[in-house]
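Chemist:
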Amino acid sequence: MNRSSRLTVVAGLLAATAVPAHSATVQRLTSRGAQAGSPAAGADVNPADVAFMSGMIPHHAQAVLIAGWAASHGARKDVAVLCERIVVGQRDEIGLMQYWLKEHGQPVPDAKSTHMTMKMDGMQHDMLMPGMLNDEQLAELDKARGSDFDRLFLQAMIAHHQGAITMVNELLASPGAAQDDVVYRMSSDVYADQTTEIERMGKMLATVPPPAGRAP
Numbered sequence: 012m013n014r015s016s017r018l019t020v021v022a023g024l025l026a027a028t029a030v031p032a033h034s035a036t037v038q039r040l041t042s043r044g045a046q047a048g049s050p051a052a053g054a055d056v057n058p059a060d061v062a063f064m065s066g067m068i069p070h071h072a073q074a075v076l077i078a079g080w081a082a083s084h085g086a087r088k089d090v091a092v093l094c095e096r097i098v099v100g101q102r103d104e105i106g107l108m109q110y111w112l113k114e115h116g117q118p119v120p121d122a123k124s125t126h127m128t129m130k131m132d133g134m135q136h137d138m139l140m141p142g143m144l145n146d147e148q149l150a151e152l153d154k155a156r157g158s159d160f161d162r163l164f165l166q167a168m169i170a171h172h173q174g175a176i177t178m179v180n181e182l183l184a185s186p187g188a189a190q191d192d193v194v195y196r197m198s199s200d201v202y203a204d205q206t207t208e209i210e211r212m213g214k215m216l217a218t219v220p221p222p223a224g225r226a227p
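Here the sequence shown is numbered in my numbering, starting from 12 and rising by one per residue.
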């Protein structure tokens, strides 16, 4: 099976598990790639493209992790619906980014990895991408329930989305970056989708009661 055929198969597998709003994104990205053909593994690839796709995997993975807490942490209905959308959509996009990296002969981060692994001066370093929660913030969110969870989650995810937009802006500012069609479309969709969700979450956050003992 050639690479274009495999890409088409992956599009079908990813779309089969996605809700319509997100499967449309995955199908659009992968079908265009299949039409254009996939580069040989190890072919020249822009380092900024690789950094973006590699870094966005742990960024998405953390979003999937905390959004997955909605049911067990007493999220209200609209927050729970948002969380479900994030889990389904970003999990699909992780699969696409992993496939792109593999096709380009690059290291592929694990789908559940929540830190970006980098090697500097012969040593391995784990780092958080822009907007990601640190261990203390994750622990605080995990302890929260009900309205406290809703408030902390929305605050965290707004910052998380803003971090993703920062990553897109950094990508587009890099010379020669995002000329690969899949990378360009992925980054464009991340920017558009997460900008829209930031606005939506801001309105939701305004309706969450303040912490007990604190005036609105």
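By construction, the Cβ of each residue, glycine as well, lies at the ideal position given by its N, Cα and C atoms. Source: prediction; values computed, not measured.
What are the start and end residues of the alpha helix (DSSP H) that includes THR180?
Modeler: According to the sequence provided, residue 180 is Asn. The question's Thr does not apply to it. Here the alpha helix (DSSP H) through ASN180 covers 158–183.
Chemist: Taking the alpha helix (DSSP H) that ALA150 falls in, what are its first and last residues?
Modeler: Segment 146–154, the alpha helix (DSSP H) holding ALA150.
Chemist: Determine the closest residue to GLU181 out of GLY66, ASP204, VAL56, with distance taken between C-alpha atoms.
Modeler: Nearest option by C-alpha distance: GLY66.
Chemist: Taking all protein chains shown into account, do 16 or more other C-beta atoms lie within 10 angstroms of the C-beta of VAL92, making it buried, or fewer, making it exposed?
Modeler: Counting Cβ neighbours within 10 Å, VAL92 comes out exposed, since fewer than 16 surround it.
Chemist: Pairs of beta-carbons, one from the segment 144–159 and one from the segment 73–92, closer than 8 Å: are there three or more?
Modeler: Short answer: they touch.
Chemist: Give me the Cα-Cα distance between ARG102 and HIS71, rounded to the nearest whole angstrom.
Modeler: Using only the alpha carbons, I get a separation of about 7 Å.
Chemist: For VAL119, which residues in the same chain have their Cβ closer than 7 Å to its Cβ, ignoring the five residues on either side in sequence?
Modeler: Around VAL119: GLN109, LEU112, LYS113.
Chemist: Whose C-alpha, out of GLY213, PRO58, ASP161, is nearest the C-alpha of GLN117?
Modeler: Minimum Cα distance to GLN117 is reached at PRO58.
Chemist: Which runs of the alpha helix (DSSP H), 4 residues or longer, sit entirely within the segment 58–96?
Modeler: Correct list: 58–78.
Chemist: Please go through the same chain and pick out, in chain order, the residues whose beta-carbon is closer than 6 Å to the beta-carbon of ILE97, but skip the five residues on each side of it.
Modeler: If we look at ILE97 and ignore the five residues flanking it on each side, its Cβ neighbours are ALA74, ALA78.
Chemist: From PRO221 to ARG156, what distance separates their C-alpha atoms?
Modeler: Whole-angstrom Cα-Cα distance: 13 Å.
Chemist: Starting from the Cα of ALA167, find the closest Cα among ALA184, ASP60, SER185, GLY213 and give me that residue.
Modeler: Taking only the C-alpha atoms, the option nearest ALA167 is GLY213.
Chemist: What residues in its chain sit with their C-beta under 7 Å from that of ASP60, if we drop five residues either side in the sequence?
Modeler: ALA188, ALA189, ASP191, VAL194, listed in sequence order.
Chemist: Would SER158 and ILE68 qualify as a contact pair, given that the criterion is a beta-carbon distance under 8 Å?
Modeler: No.
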